[in-house]
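Colleague: Residue numbers (our numbering), protein chains in the order written: chain A, 2 to 118; chain B, 2 to 112. Here a beta-carbon is modelled for each residue, glycine too, at the ideal position from N, C-alpha and C.
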């Protein structure tokens with residue numbers, strides 16, 4: 002989608018290895034989010050950011066860490082990948098967010114399909 | 002953890018039929034309710050953001066209503082077309098947290 006890109010699009014990794022997924026935006030939006038999508042669960046929030054170096058945990062944050070050193074980039078790291086982290090990961094951005102109200106819609110990236118073997 | 006429920010889970014309709022789905026959410030601490038359309042192999046795209054009780058929003062053949070007092074929203078599609086086939090997601094926020102998504106309703110429109 003215009004304004005937000007995720008990389009890589011696909012990745013296969015081995016159990017126990019660290020993996021970093023990148024979300025890059027050109028919209029200068031303050032809020033960025035990482036969700037994972039699994040069959041039967043819909044989209045579940047992993048972590049989100051409400052500004053540079055400001056992040057918070059979501060519903061399924063165990064085993065994940067994030068960093069946001071500049072407005073345009075939000076990195077998701079799987080510290081030691083496990084098979085349960087095989088999923089499709091979506092990044093999203095929004096102008097307004099938690100604390101100010103999600104009254105603007107989210108814009109989603111194209112997703113990263115991660116397979117942990 | 003907030004609970005957002007959508008029904009039905011999936012729906013098959015004939016081209017030209019009108020259809021509707023339901024999203025249920027907590028009626029307390031309401032701030033906004035979003036609807037997204039998610040086509041296979043693409044990303045979710047925002048349809049509506051609804052904030053006031055009684056809100057009705059429309060985009061072409063798709064419309065949505067909101068009842069914050071009882072905690073539900075309906076999405077209607079009039080005269081379904083094959084290109085309407087997608088998963089429709091609703092998402093809720095109390096204002097202090099990011100969106101919590103339902104599991105979606107998967108619509109298939111048969112030509």
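So what's residue 68 of chain A in DSSP terms, helix, strand or just coil?
Modeller: Residue 68 of chain A: strand per DSSP, three-state reduction.
Colleague: Between the alpha carbons of residue 83 of chain A and residue 112 of chain B, how many angstroms are there, rounded?
Modeller: Roughly 42 Å separates the two Cα atoms.
Colleague: List the residues of chain A that residue 65 of chain B touches, going by C-beta distances under 7 Å, in chain order.
Modeller: Chain A residues near residue 65 of chain B: none, gap ~13 Å exceeds 7 Å.
Colleague: Counting contacts by CB-CB distance shorter than 8 Å, is residue 104 of chain B in contact with chain A?
Modeller: Closer than 8 Å to some Cβ of chain A, the Cβ of residue 104 of chain B qualifies, so yes.
Colleague: Are at least three pairs of beta-carbons, each pair with one atom in the segment 86–98 of chain A and one in the segment 25–39 of chain A, less than 8 Å apart?
Modeller: Taking 8 Å as the limit for Cβ pairs, the verdict is that the segment 25–39 of chain A does touch the segment 86–98 of chain A.
Colleague: Could you give the distance in angstroms between the alpha-carbon of residue 67 of chain B and the alpha-carbon of residue 57 of chain B?
Modeller: Roughly 7 Å between the two C-alpha positions.
Colleague: Residue range of the beta strand (DSSP E) that residue 88 of chain A falls in?
Modeller: That run of the beta strand (DSSP E) goes 88–95.
Colleague: Let's see if you can read the secondary structure: which residues bound the beta strand (DSSP E) around residue 37 of chain B?
Modeller: Looking at the DSSP string, the run of the beta strand (DSSP E) that includes residue 37 of chain B is 33–39.
Colleague: Just to confirm, is the Cβ distance from residue 105 of chain B to residue 15 of chain B under 8 Å?
Modeller: Contact: no.
Colleague: Which runs of the alpha helix (DSSP H) fall wholly inside the segment 61–106 of chain B and span at least 4 residues, in chain order?
Modeller: None, since the segment 61–106 of chain B contains no complete alpha helix (DSSP H) of that length.
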